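Colleague: The structure's right below; bear with me while I get my questions together.
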Amino acid sequence: MKTIPYLLIATRFLFSPIIFSLAYFNGEKSQFVILALMFIGLLTDIFDGIIARKVGVSSEKLRRLDSQVDLVFWLSIGFAAYYLNSDLIKSEWKSVLLILIMETLCYIVSWIKFGKETCTHAWLSKLWGLSLLLAFTYLIGFQKAGWAFDLTVILGFISHLDVILIIFILPKWQYDIPSSFHAWRIRKGKQRKKSVFLN
């Protein structure tokens with residue numbers, strides 16, 4: 001049981017080059033396979049943390065690994081969406097660039113302050129992950145952007161801003177910080193309660 005969280009993370013990591021390759025070499029023929037892998041990957045992301053806490057193996061190492069694999073996984077889906085709908089993605093290049101800049105800023109700010117990458121697993125980031133699932137379903141499955149894409153961009157900007165605030169507020173590096181409000185409570189010396197929403 002203690003190896004299951006690592007196996008789930010490894011599964012998501014292995015999905016990444018498969019998704020990329022399917023989009024690059026098979027194009028639209030593989031769109032539903034890519035969507036299936038995306039949904040399965042999200043399920044592995046949900047259950048790796050739940051199982052890790054249940055069996056007592058949730059640790060800094062596991063959480064950092066989970067965060068970095070999440071980044072690789074969603075980037076692979078992003079590249080897949082580009083290969084399948086390049087004109088549509090290009091038409092939204094400003095929004096895509098904004099999210100990439102915000103993601104990069106999170107890492108830069110965290111490395112400058114703590115010498116480590118960010119690993120907050122914040123609530124707003126989880127909400128953004130769900131919006132990504134919806135947006136990529138529209139992009140890959142139906143070749144549409146629309147409101148789902150706009151919602152993802154808005155939530156992406158807000159969630160990254162929350163992460164940056166968490167980094168600025170925290171007195172020292174920590175993982176699994178639900179929000180900037182929780183970071184403020186930690187800075188004030190108030191005990192942080194564990195949340196069932198942390199994956």
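Numbering (the working numbering), first residue to last: 1 to 199.
Beta carbons are placed, not taken as given, at the ideal position from N, Cα and C, and that holds for glycine.
From a predicted model like this one, the values you see are computed outputs, not experimental measurements.
#1: Please go through the same chain and pick out, in chain order, the residues whose beta-carbon is closer than 6 Å to the beta-carbon of PHE79, but skip the five residues on each side of it.
#2: Using 8 Å for Cβ pairs, my map puts SER179 next to LEU124. What's the rounded Cβ distance?
#3: ILE140 and ILE34: beta carbons closer than 7 Å?
#4: For GLY156, tell me which candidate among TYR24, PRO17, ILE108 and TRP74 has the shortest Cα-Cα distance.
#5: Are the beta-carbon atoms belonging to THR120 and ILE177 less than 7 Å from one another?
#6: Rounding to the nearest angstrom, what Cα-Cα distance links THR3 and ASP87 in this structure?
#7: Along the chain, where does the alpha helix (DSSP H) containing PRO17 start, and where does it finish?
#8: Using the Cβ count rule (16 or more neighbours within 10 Å means buried), how would you classify PHE168?
#9: Output needed for SER30: all residues of its chain with C-beta closer than 6 Å, excluding positions within five of it in sequence on either side, in chain order.
#10: Would you decide whether LEU130 is buried or exposed? Buried here means 16 or more other CB atoms lie within 10 Å of its CB.
#11: Take ASP66 as the anchor and find which of TYR6, LEU170 and VAL57 has the nearest alpha-carbon.
#12: Could you tell me if SER91 is buried or exposed, where buried requires 16 or more neighbouring beta carbons within 10 angstroms of its beta carbon?
#13: Exposed or buried, which one is THR44 when buried takes at least 16 other CB atoms within 10 Å?
Modeller: In short, the structure shows the following:
#1: Translated into positions along the sequence shown, residue 79 becomes position 79. Correct list, in chain order: PHE20.
#2: Within the sequence shown, residue 179 is the residue found at index 179, counting from 1. Within the sequence shown, residue 124 is the residue found at index 124, counting from 1. About 7 Å separates the Cβ atoms of SER179 and LEU124, confirming a contact at the 8 Å cut-off.
#3: By one-based count along the sequence shown, residue 140 stands at place 140. By one-based count along the sequence shown, residue 34 stands at place 34. Yes; because the gap between Cβ atoms is below 7 Å, this pair is in contact.
#4: Against the sequence shown, residue 156 aligns to sequence position 156. Minimum Cα distance to GLY156 is reached at TRP74.
#5: Locating residue 120 in the sequence shown gives position 120, where the first residue counts as 1. Locating residue 177 in the sequence shown gives position 177, where the first residue counts as 1. Yes, these two residues count as a Cβ contact at 7 Å.
#6: What you label residue 3 is simply residue 3 of the sequence shown in a count that begins at 1. What you label residue 87 is simply residue 87 of the sequence shown in a count that begins at 1. Rounded to the nearest angstrom, the two C-alpha atoms are 42 Å apart.
#7: Counted from its first residue, the sequence shown places residue 17 at position 17. Under the DSSP assignment, PRO17 falls in the alpha helix (DSSP H) whose first and last residues are 4-21.
#8: Locating residue 168 in the sequence shown gives position 168, counting from the first residue. It is exposed - the Cβ of PHE168 has fewer than 16 other Cβ atoms within 10 Å.
#9: The count along the sequence shown starts at 1 and reaches residue 30 at position 30. Closer than 6 Å at the Cβ level, and outside the excluded window around SER30, lie LEU22.
#10: As a working mapping, residue 130 is identified with position 130 in the sequence shown. LEU130 counts as exposed, since fewer than 16 other beta carbons sit within 10 angstroms of its beta carbon.
#11: Taking the sequence shown and counting its residues from 1, one reaches residue 66 at position 66. The shortest C-alpha separation from ASP66 is found at TYR6.
#12: Locating residue 91 in the sequence shown gives position 91, where the first residue counts as 1. With a threshold of 16 other beta carbon atoms within 10 Å, SER91 falls short and is exposed.
#13: As a first step, residue 44 must be located in the sequence shown, where it is residue number 44. By the 10 Å Cβ count, THR44 comes out buried.
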